[in-house]
Amino acid sequence: LFNTTNFNNQHELITNNNYSSSDWQISIPFNTNNESMLASCYTNNHDINSYNCENCEYWICVKCQAKATSYSDLSVTVRDEHTHLPDKTDKEILEIRQNLKRKAIDESVPIDRIVEEAFHVINNQFRSNDLLINIPSIHTIKNTVRKQRRKTRPPLPRSIEQLPFLLSDVYCKTTQGERFLLYVGPLGGVRSLVFSAYNDMIYLSQQENWYSDEGRHSRLKKHVNALHPNIYVAIDLLRKEQSLASIARLRDYMGAPIPKRRKNKVTTDECLIKL
(Lines of atoms letter the chains of each structure in order from A and count residues from 1; the text may use other names and numbers.)
(Lines give C-alpha, C1' and ligand atoms only; values in the text may rest on other atoms or scores of the structure.)
Protein backbone atom coordinates (compact mmCIF):
# COMPACT_ATOMS: atom_id res chain seq x y z
CA LEU A 1 0.00 0.00 0.00
CA PHE A 2 1.47 3.31 -0.92
CA ASN A 3 0.62 6.93 -1.58
CA THR A 4 2.80 9.44 -3.39
CA THR A 5 2.92 13.20 -2.93
CA ASN A 6 5.12 15.86 -4.50
CA PHE A 7 7.02 18.33 -2.35
CA ASN A 8 10.01 20.41 -3.47
CA ASN A 9 10.98 18.10 -6.33
CA GLN A 10 10.85 15.13 -3.99
CA HIS A 11 8.42 12.25 -3.61
CA GLU A 12 7.22 10.79 -0.34
CA LEU A 13 6.14 7.17 -0.37
CA ILE A 14 3.92 6.11 2.51
CA THR A 15 3.78 2.40 3.17
CA ASN A 16 3.80 -0.31 5.80
CA ASN A 17 6.84 -2.48 6.34
CA ASN A 18 8.01 -5.04 8.86
CA TYR A 19 11.43 -5.00 10.46
CA SER A 20 12.40 -7.16 13.45
CA SER A 21 8.76 -8.14 14.14
CA SER A 22 7.79 -4.47 14.44
CA ASP A 23 5.32 -3.01 11.93
CA TRP A 24 6.41 0.30 10.52
CA GLN A 25 4.32 2.97 8.89
CA ILE A 26 6.95 5.00 7.15
CA SER A 27 7.72 7.42 4.37
CA ILE A 28 10.63 7.15 1.96
CA PRO A 29 11.95 10.45 0.63
CA PHE A 30 13.91 10.23 -2.59
CA ASN A 31 14.94 12.62 -5.32
CA THR A 32 13.79 11.79 -8.82
CA ASN A 33 16.87 13.44 -10.30
CA ASN A 34 19.13 10.79 -8.83
CA GLU A 35 19.62 7.47 -10.56
CA SER A 36 17.94 4.85 -8.42
CA MET A 37 17.35 1.14 -8.43
CA LEU A 38 13.82 -0.11 -7.94
CA ALA A 39 13.59 -2.46 -5.00
CA SER A 40 10.66 -4.44 -3.70
CA CYS A 41 9.67 -4.98 -0.07
CA TYR A 42 7.03 -7.36 1.13
CA THR A 43 4.53 -6.82 3.92
CA ASN A 44 1.41 -8.87 4.58
CA ASN A 45 1.78 -10.56 1.19
CA HIS A 46 1.64 -7.18 -0.62
CA ASP A 47 4.37 -5.96 -2.95
CA ILE A 48 5.59 -2.48 -2.03
CA ASN A 49 7.82 -0.54 -4.41
CA SER A 50 10.50 1.76 -3.07
CA TYR A 51 13.70 3.36 -4.32
CA ASN A 52 17.11 2.13 -3.28
CA CYS A 53 20.15 4.40 -3.49
CA GLU A 54 23.59 2.86 -2.99
CA ASN A 55 22.22 -0.36 -1.45
CA CYS A 56 20.45 1.41 1.38
CA GLU A 57 17.08 3.00 2.03
CA TYR A 58 16.27 5.91 4.30
CA TRP A 59 13.00 5.75 6.21
CA ILE A 60 11.16 8.41 8.22
CA CYS A 61 8.17 7.53 10.38
CA VAL A 62 5.08 9.60 9.58
CA LYS A 63 3.85 9.42 13.19
CA CYS A 64 6.99 10.42 15.07
CA GLN A 65 10.56 11.65 14.54
CA ALA A 66 12.11 8.18 14.35
CA LYS A 67 14.41 7.47 11.39
CA ALA A 68 15.84 4.22 10.11
CA THR A 69 18.24 2.96 7.45
CA SER A 70 17.81 -0.46 5.85
CA TYR A 71 20.65 -2.20 4.00
CA SER A 72 20.82 -4.88 1.36
CA ASP A 73 21.83 -7.51 3.94
CA LEU A 74 18.42 -6.97 5.67
CA SER A 75 20.00 -5.18 8.62
CA VAL A 76 18.28 -2.07 9.95
CA THR A 77 19.64 0.84 11.97
CA VAL A 78 17.01 2.79 13.93
CA ARG A 79 17.60 6.29 15.31
CA ASP A 80 15.40 7.79 18.02
CA GLU A 81 12.68 5.84 19.78
CA HIS A 82 9.96 4.15 17.76
CA THR A 83 7.58 2.49 20.19
CA HIS A 84 4.06 3.31 18.94
CA LEU A 85 1.94 0.81 17.05
CA PRO A 86 0.76 1.39 13.48
CA ASP A 87 -2.67 2.93 12.96
CA LYS A 88 -5.10 0.48 11.37
CA THR A 89 -7.40 3.32 10.31
CA ASP A 90 -4.70 4.94 8.18
CA LYS A 91 -4.12 1.63 6.44
CA GLU A 92 -7.84 1.23 5.66
CA ILE A 93 -8.04 4.77 4.28
CA LEU A 94 -5.01 4.15 2.07
CA GLU A 95 -6.63 0.97 0.75
CA ILE A 96 -9.84 2.85 -0.07
CA ARG A 97 -8.00 5.67 -1.85
CA GLN A 98 -5.83 3.30 -3.86
CA ASN A 99 -8.82 1.19 -4.90
CA LEU A 100 -10.67 4.30 -6.07
CA LYS A 101 -7.67 5.50 -8.09
CA ARG A 102 -7.33 2.06 -9.66
CA LYS A 103 -11.01 2.04 -10.63
CA ALA A 104 -10.71 5.50 -12.15
CA ILE A 105 -8.03 4.18 -14.52
CA ASP A 106 -9.44 0.73 -15.27
CA GLU A 107 -13.13 1.62 -15.60
CA SER A 108 -15.07 4.17 -17.64
CA VAL A 109 -17.72 4.75 -14.98
CA PRO A 110 -18.26 8.42 -14.00
CA ILE A 111 -16.14 9.55 -11.07
CA ASP A 112 -19.16 10.63 -9.05
CA ARG A 113 -20.67 7.16 -9.24
CA ILE A 114 -17.38 5.42 -8.34
CA VAL A 115 -16.81 7.54 -5.23
CA GLU A 116 -20.42 7.56 -4.07
CA GLU A 117 -20.72 3.79 -4.33
CA ALA A 118 -17.55 3.47 -2.25
CA PHE A 119 -19.02 5.74 0.42
CA HIS A 120 -22.21 3.67 0.45
CA VAL A 121 -20.08 0.59 1.17
CA ILE A 122 -18.28 2.44 3.95
CA ASN A 123 -21.59 3.48 5.50
CA ASN A 124 -23.03 -0.04 5.33
CA GLN A 125 -20.01 -2.24 6.13
CA PHE A 126 -17.54 -0.20 8.16
CA ARG A 127 -18.64 0.69 11.67
CA SER A 128 -15.38 2.28 12.79
CA ASN A 129 -15.80 5.78 14.18
CA ASP A 130 -12.13 6.53 13.57
CA LEU A 131 -12.52 5.67 9.88
CA LEU A 132 -15.51 7.99 9.44
CA ILE A 133 -13.70 10.84 11.19
CA ASN A 134 -10.32 10.53 9.46
CA ILE A 135 -11.43 9.72 5.92
CA PRO A 136 -11.40 12.83 3.69
CA SER A 137 -14.68 14.34 2.61
CA ILE A 138 -16.43 13.00 -0.47
CA HIS A 139 -15.67 16.25 -2.34
CA THR A 140 -11.94 15.87 -1.64
CA ILE A 141 -11.96 12.22 -2.70
CA LYS A 142 -13.73 13.08 -5.96
CA ASN A 143 -11.14 15.73 -6.82
CA THR A 144 -8.30 13.31 -6.08
CA VAL A 145 -9.80 10.56 -8.24
CA ARG A 146 -10.48 13.02 -11.09
CA LYS A 147 -6.83 14.09 -11.07
CA GLN A 148 -5.80 10.44 -11.27
CA ARG A 149 -8.04 9.84 -14.30
CA ARG A 150 -6.78 12.97 -16.08
CA LYS A 151 -3.26 11.55 -15.95
CA THR A 152 -4.21 8.71 -18.30
CA ARG A 153 -7.18 10.11 -20.25
CA PRO A 154 -7.68 13.38 -22.11
CA PRO A 155 -10.43 15.69 -20.85
CA LEU A 156 -13.85 15.27 -22.42
CA PRO A 157 -14.51 17.86 -25.17
CA ARG A 158 -17.33 20.30 -24.54
CA SER A 159 -17.99 21.03 -28.21
CA ILE A 160 -17.35 19.35 -31.55
CA GLU A 161 -14.76 22.03 -32.34
CA GLN A 162 -12.58 20.70 -29.50
CA LEU A 163 -12.42 17.23 -31.06
CA PRO A 164 -9.17 16.46 -32.90
CA PHE A 165 -9.41 16.25 -36.68
CA LEU A 166 -8.38 12.59 -36.61
CA LEU A 167 -10.01 10.67 -33.79
CA SER A 168 -8.09 7.97 -31.96
CA ASP A 169 -9.00 4.36 -32.72
CA VAL A 170 -10.16 4.02 -29.12
CA TYR A 171 -13.16 6.21 -29.94
CA CYS A 172 -13.81 4.68 -33.37
CA LYS A 173 -14.31 1.03 -32.38
CA THR A 174 -16.75 -0.90 -30.24
CA THR A 175 -15.75 -3.00 -27.25
CA GLN A 176 -15.67 -6.01 -29.60
CA GLY A 177 -13.25 -4.22 -31.94
CA GLU A 178 -15.82 -3.48 -34.68
CA ARG A 179 -15.82 -0.25 -36.64
CA PHE A 180 -18.00 2.31 -34.86
CA LEU A 181 -17.37 5.63 -36.65
CA LEU A 182 -19.77 5.43 -39.60
CA TYR A 183 -19.27 8.89 -41.11
CA VAL A 184 -17.14 11.96 -40.43
CA GLY A 185 -17.47 15.05 -42.58
CA PRO A 186 -19.67 18.07 -43.28
CA LEU A 187 -23.45 17.91 -42.99
CA GLY A 188 -25.13 21.16 -43.93
CA GLY A 189 -21.81 22.97 -43.74
CA VAL A 190 -21.12 21.78 -40.17
CA ARG A 191 -18.58 19.15 -39.15
CA SER A 192 -20.52 16.07 -38.12
CA LEU A 193 -19.78 12.60 -36.82
CA VAL A 194 -22.12 9.63 -37.09
CA PHE A 195 -21.41 6.65 -34.84
CA SER A 196 -22.96 3.27 -35.53
CA ALA A 197 -21.88 -0.35 -35.75
CA TYR A 198 -22.40 -2.32 -38.96
CA ASN A 199 -24.84 -4.75 -37.35
CA ASP A 200 -26.92 -1.84 -36.08
CA MET A 201 -27.26 -0.47 -39.61
CA ILE A 202 -28.33 -3.90 -40.87
CA TYR A 203 -30.92 -4.05 -38.10
CA LEU A 204 -32.29 -0.60 -38.99
CA SER A 205 -32.47 -1.44 -42.68
CA GLN A 206 -34.77 -4.35 -41.90
CA GLN A 207 -37.28 -2.28 -39.92
CA GLU A 208 -40.38 -0.64 -41.38
CA ASN A 209 -40.51 2.30 -38.97
CA TRP A 210 -37.77 4.39 -37.35
CA TYR A 211 -38.29 6.42 -34.19
CA SER A 212 -36.05 9.23 -32.98
CA ASP A 213 -35.56 10.56 -29.48
CA GLU A 214 -33.95 13.85 -28.54
CA GLY A 215 -32.28 12.32 -25.48
CA ARG A 216 -32.76 12.26 -21.75
CA HIS A 217 -35.46 14.20 -19.97
CA SER A 218 -33.73 14.34 -16.61
CA ARG A 219 -31.39 16.92 -15.14
CA LEU A 220 -29.81 14.17 -13.02
CA LYS A 221 -27.79 12.81 -15.92
CA LYS A 222 -24.65 11.77 -14.10
CA HIS A 223 -26.57 9.92 -11.39
CA VAL A 224 -29.38 8.23 -13.32
CA ASN A 225 -28.74 5.36 -15.70
CA ALA A 226 -32.23 5.04 -17.21
CA LEU A 227 -33.03 7.12 -20.29
CA HIS A 228 -36.43 8.06 -18.85
CA PRO A 229 -36.14 7.78 -15.05
CA ASN A 230 -39.33 6.72 -13.31
CA ILE A 231 -40.40 7.15 -9.71
CA TYR A 232 -38.48 4.05 -8.55
CA VAL A 233 -35.24 5.39 -10.01
CA ALA A 234 -35.90 8.73 -8.31
CA ILE A 235 -36.55 7.00 -4.97
CA ASP A 236 -33.32 5.01 -5.28
CA LEU A 237 -31.43 8.21 -6.06
CA LEU A 238 -32.90 9.96 -3.01
CA ARG A 239 -31.95 7.01 -0.81
CA LYS A 240 -28.34 7.25 -1.98
CA GLU A 241 -28.29 11.00 -1.42
CA GLN A 242 -29.73 10.45 2.05
CA SER A 243 -27.01 7.91 2.80
CA LEU A 244 -24.30 10.38 1.77
CA ALA A 245 -25.91 13.12 3.86
CA SER A 246 -26.06 10.80 6.88
CA ILE A 247 -22.32 10.16 6.57
CA ALA A 248 -21.66 13.91 6.52
CA ARG A 249 -23.85 14.50 9.59
CA LEU A 250 -22.20 11.60 11.44
CA ARG A 251 -18.74 13.03 10.66
CA ASP A 252 -19.81 16.42 12.03
CA TYR A 253 -21.29 14.81 15.16
CA MET A 254 -18.04 12.92 15.84
CA GLY A 255 -15.91 16.04 15.45
CA ALA A 256 -14.43 15.50 12.00
CA PRO A 257 -12.61 18.52 10.53
CA ILE A 258 -14.84 20.87 8.56
CA PRO A 259 -14.01 21.12 4.82
CA LYS A 260 -12.38 24.40 3.81
CA ARG A 261 -15.05 25.21 1.24
CA ARG A 262 -18.27 24.12 2.83
CA LYS A 263 -21.51 24.99 1.06
CA ASN A 264 -24.75 25.58 2.91
CA LYS A 265 -26.99 22.92 1.41
CA VAL A 266 -30.49 21.91 2.39
CA THR A 267 -30.33 18.48 4.00
CA THR A 268 -31.80 15.52 2.20
CA ASP A 269 -34.35 14.98 4.97
CA GLU A 270 -35.91 18.37 4.25
CA CYS A 271 -36.00 17.55 0.55
CA LEU A 272 -37.79 14.29 1.28
CA ILE A 273 -40.35 16.07 3.46
CA LYS A 274 -41.08 18.57 0.67
CA LEU A 275 -41.34 15.74 -1.84
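Just so we're on the same page, the working numbering is the position in the sequence shown counted from 1, plus 431.
A virtual CB, placed ideally from N, CA and C, is assigned to each residue, including glycine.
These numbers come from a predicted model, not from an experiment.
- Between the stretch 534-548 and the stretch 494-509, the count of Cβ pairs shorter than 8 Å is below three; the stretches do not touch.
- Counting every other CB atom within 10 Å of its CB across the protein chains shown gives Leu563 a total of 16 or more, marking it as buried.
- For Arg533 and His551, the gap between their C-alpha atoms comes out near 18 Å.
- Rounded to the nearest angstrom, the gap between the Cα atoms of Arg584 and Thr514 is 44 Å.
- Note on Arg682: 16 or more other CB atoms within 10 angstroms of its CB, so buried under the neighbour-count rule.
- Annotation for Val615: no alpha helix (DSSP H) segment contains it, though the beta strand (DSSP E) segment containing it runs 612-618.
- The C-beta distance from Ile536 to Arg577 rounds to 12 Å, too long to meet the 8 Å contact threshold.
- Between Ile491 and Leu531, the C-beta spacing is not below 8 Å.
- Rounded to whole angstroms, the separation of the alpha carbons of Gln673 and Ile524 is 23 Å.
- Here Glu639 carries a coil assignment [DSSP, helix/strand/coil].
- Taking the Cβ atoms as the reference, Leu612 lies roughly 11 Å from Leu597, outside the contact range of under 8 Å.
- The beta carbon of Arg510 lies closer than 6 Å to those of Lys498 in the same chain, with the five residues before and after it left out.
- Membership of Thr500 in any alpha helix (DSSP H) is not indicated; the residue belongs instead to the beta strand (DSSP E) covering 498-502.
- Scanning Gly619, Arg622, Glu609 for the CA closest to the CA of Asp631 turns up Glu609.
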